[in-house]
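2 protein chains.
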Amino acid sequence: MARVNELRLITRVAQMYYTEGRRQAEIARHLRISQATVSRMLKKAQQEEIVRTTIVAPTGTFPELETGLRETYGLPEAIVVECAEDSPGSIMARIGEAAAHFLEATLQSGEIIGVSSWSETILKMVDNIHPMPAGKAKYVVQTLGGMGDPTVQTHATQLTTRLARLTGAEPRLLSAPGVAQSREAKLVLLGDTYVRETMELFSKITLSIVGIGAIEPSSMLARSGNVFTPNELSDLTDAGAIGDMCLRFFDLDGNIVKTPLDDRVIGMPMEDLTNVDRVIALAGGKAKTESIRGALRTGTVDVLVTDEFTARRLLEARTTIP
Amino acid sequence: MARVNELRLITRVAQMYYTEGRRQAEIARHLRISQATVSRMLKKAQQEEIVRTTIVAPTGTFPELETGLRETYGLPEAIVVECAEDSPGSIMARIGEAAAHFLEATLQSGEIIGVSSWSETILKMVDNIHPMPAGKAKYVVQTLGGMGDPTVQTHATQLTTRLARLTGAEPRLLSAPGVAQSREAKLVLLGDTYVRETMELFSKITLSIVGIGAIEPSSMLARSGNVFTPNELSDLTDAGAIGDMCLRFFDLDGNIVKTPLDDRVIGMPMEDLTNVDRVIALAGGKAKTESIRGALRTGTVDVLVTDEFTARRLLEARTTIP
DNA sequence: CTGTAGCAAGAATTTTTATGCAGGGAGAGC
DNA sequence: GCTCTCCCTGCATAAAAATTCTTGCTACAG
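So the protein sequences, as listed, match chains A and B. So the mapping is simple: the numbering used here equals the position in the first sequence, first residue as 1, plus 66. So the mapping is simple: the numbering used here equals the position in the second sequence, first residue as 1, plus 66.
Here it is in structure tokens:
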């Protein structure tokens, strides 16, 4: 009975506040009540569902998928991009664009950026970054050596250098192969001052941009020459490895998979990656789905940028382990 | 192209803010942007209609009608109550309840309340007021003398006194008829100290509660005895009078209608009413529709409390003047 | 090139909003 | 009928949000 009168007044207050855009103090003066009461009425209006705030997702964005990923994998942030088709080329381009924007919008001054150089998606990202003022970022650190093929090596160097220029940072290159011929060869390579200096920066990185690799010989791995012997590959698969970040492997449950290979990799150790303030992972495509799943379960990824199709796959019922 | 990325981020910010209820500063920290930027993004989210706040009217309230009345008549506030049927009894009861709640909620400390005593609706209002602490209001001033019939006279006194008690105020009665027999008689009555003291308070009133009267002999006027001669009535109708507040008359356009009768009325002059900080008018019912329309056009009413049917009639196309 | 207008972002500041008391009933239970 | 508890309000103040100011760049014209 009296309730409707109370609600009417609350409704009126909500109307003045939200629809007419008036200040609480103004509403209070108008109605001869205190500002505190107006504030409380507005709170009550929310509780009573008199005011409802809805968020309408702009076309091309997928907040539900992003939320799903965040919740399912305990991920701090997820970015899901729209894709015309589930094909690697289209996916990489879109992921790259989105990652570039996110990086631009959220890059702090003085950051030390780590970049695992050999993902094509990261390349697409760099293509889309707008130049920033000099000194915006401090260093761009290459977190993984180049691959055997000198062309790819060059690409890696170029990518790091370009990203450094675009972010106004100083590039710190890792002029060494990603995989040394042997443990001994690695030790020799680490003797190089420049290599060591770069590697000493690994623990200072504040923002790491990584690709997620699939374990089965993907186009990139294949192209990179036969860095792994068949033996090593079977070691990895036997140990359950499903994917890698910076050539550090993990299984579908996100457990780190250590094999003798580890000692030959010249790149950021998993441990360092874990300590990085923000790890942004870029990956999409059907072939990488399970690798991404594993990567997310390692708990090292802070931001995943992926495509809508992969996001949906990642949210489908847990892959059954035979 | 890049736009969708920007909107995605804005959407995410809106989601965190509205859906997850996080603070702007927290969101800013999470996304490594400044709080100012979050604030601006939220503003943009409104502009872009990514967030929409809708107000759902509780059943029994009519914000559209209230808004319509406010806008059509330049009225500061309107209260429209739900009514089961368009019958005077039901209408008065509901208006009374609503007015009582509004008064309770918005009465300031130390107010001087004026009450034009002879509306049944005001009576219903007083019936619904909960007692307030002593001294909440300062005075309750009777703004119109009683009517010829002593019974009604008593009612007027009682109403004023009760309202005073309920608001913790001191009653200031006008122990005189509402309409004196002649100008001279009025002067004599004004000689009374109590009457004069009460009338001197008219200009101090901060909140006036008035009924709106219809000019044609309504039940109340009829019941109150023949206070007007047929001549006086025709004077009024000839001058275009359509209704009154405190026996001060106006036409359909809200112009004040002065007739010789004015000099015989013992009550608050229109001029004083205009100067009152808040005038709350209570009226509803088919018969009063046009009187209310005129009253609103006088520009003296600050809050109108009426019923849904009358509100709709008041919002229908302007009455055509033949 | 150099000058100038126009943005955009963050830090600082102001403005606006929310909330922790404290006082004063109202209503329930004894 | 009386006490106790709970709730409501306003004031004062803390917290949060918006805005102003400043800086540093971009883009365009001369």
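Ideal Cβ positions, reconstructed from N, Cα and C, are used throughout, including at glycine.
T376 (chain A) and T138 (chain A) have their C-alpha atoms spaced approximately 14 Å apart. In the DSSP annotation of this structure, E148 (chain A) is not part of any alpha helix (DSSP H), being labelled neither H nor E. Residue-level contact by beta carbon fails for N341 (chain B) and chain A, as no gap is shorter than 9 Å. The beta carbon of E382 (chain A) sits no closer than 9 Å to any beta carbon of chain B.
In this model, A235 (chain B) and T227 (chain B) are separated by some 9 Å (Cα to Cα).
Between T233 (chain A) and I179 (chain A), the beta carbon gap of about 7 Å places them in contact (Cβ cut-off 8 Å). In its chain, beyond the 5 residues on either side, F375 have a beta carbon closer than 6 Å to the beta carbon of D152 (chain B). The beta-carbon distance between T325 (chain A) and D343 (chain A), rounded to whole angstroms, is 28 Å. This is too long to meet the 8 Å contact definition. When DSSP assignments are scanned along the segment 113-172 of chain A, the uninterrupted stretches of beta strand (DSSP E) that are 3 or more residues long and fall wholly within it turn out to be 117-121 and 143-147. As summarised for the segment 344-369 of chain B, the continuous alpha helix (DSSP H) elements at least 4 residues long and confined to that stretch are 355-363, given in chain order. Under the three-state reduction of DSSP, P216 (chain A) is assigned to helix. Checking the DSSP bridge columns, you'll see Q208 (chain A) partnered with A:V181. The beta carbon of T340 (chain A) lies closer than 7 Å to those of T366 in the same chain, with the five residues before and after it left out. Annotated as proximal: I332 (chain B) and V261 (chain B), with beta-carbon spacing under 9 Å. Taking 9 Å as the Cβ-Cβ cut-off, the segment 119-148 of chain B approaches chain A at T119, T120, I121, V122, A123, P124, T125, G126, T127, F128, P129, E132, T133, P142, E143, I145, V146, V147 and E148, given in chain order. Within its own chain, the residues whose Cβ lies closer than 7 Å to the Cβ of A166 (chain B), once the five positions on either side in sequence are excluded, are M191, N194 and I195, listed in chain order. C-alpha of G279 (chain B) to C-alpha of I99 (chain A): approximately 30 Å in a straight line. Beyond the five residues adjoining it in sequence on each side, G162 (chain B) comes within less than 7 Å, by CB distance, of T187, K190, M191, D193 and N194 in the same chain, given in chain order. When the Cα atoms are used, H221 (chain B) and G155 (chain B) turn out to be separated by approximately 18 Å. Nearest neighbour of S248 (chain A) by Cα position, chosen from A:V206, A:A203 and A:E298, turns out to be A:E298. As DSSP reads the structure, E236 (chain B) sits in a beta bridge with B:Y205.
Between the beta-carbon of R314 (chain B) and that of M336 (chain B) there is about 4 Å, and that keeps the pair under the 8 Å contact cut.
Proximity of I179 (chain A) to chain B, defined by a Cβ-Cβ separation below 9 Å, is not satisfied.
Within the segment 70-81 of chain B, those residues whose Cβ lies closer than 9 Å to any Cβ of chain A are, in chain order, V70, N71, E72, L73, R74, L75, I76, T77, R78, A80 and Q81. According to the DSSP assignment, R379 (chain A) belongs to the alpha helix (DSSP H) that extends over E374 to L381. Annotation: the continuous beta strand (DSSP E) that includes R314 (chain A) extends over R314 to D317. Out of B:E72, B:P142, B:W184 and B:D368, the CA that lies nearest to the CA of L273 (chain B) is found in B:D368. Here T120 (chain B) is exposed. Its C-beta has fewer than 16 other C-beta atoms within 10 Å. For M336 (chain B), the enclosing alpha helix (DSSP H) starts and ends at M336 to N341.
Only residues of its own chain outside the window of five on either side were considered, and among them E132, A164, A165, F168, V369, L370, V371 and T372 have a CB closer than 8 Å to the CB of I145 (chain B), listed in chain order. Under the three-state reduction of DSSP output, A246 (chain A) falls in the coil class, being neither helix nor strand.
Selection A:A305, A:R88 and A:V70 evaluated against A123 (chain B) yields A:V70 as nearest (Cα-Cα).
By the neighbour-count definition (other C-beta atoms within 10 Å, threshold 16), Q219 (chain B) is a buried residue. Around the CB of A246 (chain A), 16 or more other CB atoms lie within 10 Å, so the residue is classed as buried. Of all residues in the segment 357-370 of chain A, none has a C-beta nearer than 9 Å to a C-beta of chain B. Between Q101 (chain B) and chain A, the shortest Cβ-Cβ separation is not below 9 Å.
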